[in-house]
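See below for the structure under consideration.
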Amino acid sequence: MKKVRPEAKIKTLADAVQATLWELLTVAMDGREKPMTYVQARAWLLADHSVETSNAALSDWYSWYGLWLRSERRKSIVLQAQAELAQADPSKSLEELQAFGQVLFTSESIEEKDAKAFSEVWRASEKALTRKQAKEQAELDREIRVKALDLDARKVAILEKKAAMADAATEIVNSDASEEEKSSKMKALFGIGA
Amino acid sequence: MMIALYRRYIREVLALAAPYAATDQQLEASVDALVSGPINLSLYRAALEWNLSQDYVRAKTNEDTDLREWRLTDLGKAKQEG
Numbered sequence: 065m066k067k068v069r070p071e072a073k074i075k076t077l078a079d080a081v082q083a084t085l086w087e088l089l090t091v092a093m094d095g096r097e098k099p100m101t102y103v104q105a106r107a108w109l110l111a112d113h114s115v116e117t118s119n120a121a122l123s124d125w126y127s128w129y130g131l132w133l134r135s136e137r138r139k140s141i142v143l144q145a146q147a148e149l150a151q152a153d154p155s156k157s158l159e160e161l162q163a164f165g166q167v168l169f170t171s172e173s174i175e176e177k178d179a180k181a182f183s184e185v186w187r188a189s190e191k192a193l194t195r196k197q198a199k200e201q202a203e204l205d206r207e208i209r210v211k212a213l214d215l216d217a218r219k220v221a222i223l224e225k226k227a228a229m230a231d232a233a234t235e236i237v238n239s240d241a242s243e244e245e246k247s248s249k250m251k252a253l254f255g256i257g258a
Numbered sequence: 003m004m005i006a007l008y009r010r011y012i013r014e015v016l017a018l019a020a021p022y023a024a025t026d027q028q029l030e031a032s033v034d035a036l037v038s039g040p041i042n043l044s045l046y047r048a049a050l051e052w053n054l055s056q057d058y059v060r061a062k063t064n065e066d067t068d069l070r071e072w073r074l075t076d077l078g079k080a081k082q083e084g
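In order, the protein sequence lines correspond to chains W and A.
If you read the first sequence in our numbering, its first letter stands for residue 65, the second for the next number, and so on.
If you read the second sequence in our numbering, its first letter stands for residue 3, the second for the next number, and so on.
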């Protein structure tokens with residue numbers, strides 16, 4: 065049989081009991097000036113819930129419960145923010161909402177802001193990104209246009225050079241020079257055997 | 003004994019974060035909150051490596067934040083619930 069960890073015994077108590085235990089250990093209640101000590105909380109657990117535990121197990125549970133509370137608070141804010149975002153922009157896909165939720169969950173400042181603020185910040189950053197992408201695209205288009213113009217200019221220059229060579233060749237062919245001279249001039253014109 | 007605790011704490015933190023993933027910083031800080039006394043980083047890293055070698059946890063870099071994020075695998079969830 066699997067051994068139950070000491071703090072696991074407390075984790076299996078009803079949610080309301082765990083919440084009360086957390087409060088007893090965290091805030092002064094029931095007319096007390098200070099929160100309960102572990103020893104007092106153990107006595108309370110034994111008397112009211114028949115649970116016997118140790119200070120170490122109680123300490124482990126207390127650390128775990130604090131983390132659980134923080135995590136639940138974060139998840140709650142994320143859910144609210146996702147709902148806000150989905151409402152503000154119904155075109156958002158489930159994947160986009162999940163990606164937003166993950167970024168928000170890991171955000172350092174999540175517990176200092178409300179869900180609506182996050183939703184607005186996210187949308188603003190998306191707009192900024194869209195503007196940046198549009199600017200980058202315009203820059204790319206401009207570069208492509210400049211390159212295309214440059215290519216056209218080079219094509220024209222090559223065509224002009226070819227036309228000039230054709231004219232020169234015609235002139236050589238129609239000249240009164242000997243065949244040997246014509247051949248020599250043609251070779252010189254086209255850079256053959258130089 | 004201590005490393006076994008660290009291994010378990012890592013899985014517990016990721017189980018608490020689910021369905022979301024936890025960043026390196028979040029994971030380490032949360033494990034630090036669970037251990038009594040200051041965190042032993044050598045043990046912590048060895049425990050993380052062990053969980054990775056057992057395929058209980060996986061890491062992936064989030065393209066939106068460039069941060070590495072950790073989550074439990076199905077095997078890790080089963081181990082945690084078992």
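Glycine residues also receive a C-beta, built at the ideal position from the N, C-alpha and C atoms.
Given the structure is predicted, the values throughout are model-derived calculations rather than measurements.
Closer than 8 Å to chain W by CB, residue i
i	result
A/D68	no
A/V59	no
A/E71	yes
A/Q28	yes
A/E14	yes
A/S32	yes
Boundaries of the alpha helix (DSSP H) in which residue i is found, first to last residue
i	result
W/R137	119–152
A/K62	Taken as a continuous stretch (DSSP letters only), A/K62 belongs to no alpha helix (DSSP H), being part of the beta strand (DSSP E) at 59–63.
A/L74	No alpha helix (DSSP H) holds A/L74; the beta strand (DSSP E) holding it covers 70–74.
A/R9	4–19
W/A167	This sequence places Val at residue 167 of chain W; Ala is not what is there. Taken as a continuous stretch (DSSP letters only), the alpha helix (DSSP H) holding W/V167 covers 158–169.
A/N53	43–55
A/L29	26–36
Any chain A beta carbon closer than 8 Å to residue i
i	result
W/A163	yes
W/S127	yes
W/V103	no
W/S123	yes
W/T90	no
W/A201	The question names Ala, but residue 201 of chain W is Gln in the sequence shown. No, because no Cβ of chain A sits closer than 8 Å to the Cβ of W/Q201.
W/Q166	yes
Beta-carbon neighbours of residue i, restricted to chain W and to distances below 7 Å
i	result
A/L18	L131, W132, S135
A/A80	Simply none; closest approach about 14 Å.
Contacts that residue i makes with chain A (C-beta to C-beta distance below 8 Å)
i	result
W/Q146	Near W/Q146 there are no residues of chain A at all, since even the closest Cβ is about 11 Å away, more than 8 Å.
W/T170	Y22, A23, A24, T25, Q28, N64, T67, L69, E71
Per-residue contacts from residue i into chain W (C-beta, under 8 Å)
i	result
A/A35	S127, G130, L131
A/S55	Ordered by position in chain W, no residue passes the 8 Å Cβ test against A/S55, which lies about 23 Å from the chain.
Given 8 Å, three or more beta-carbon pairs between the segment 27–45 of chain A and the segment 147–166 of chain W: no
Quick test of the definition: if touching needs 3 or more C-beta pairs under 8 Å, does the segment 114–128 of chain W touch the segment 163–171 of chain W? no
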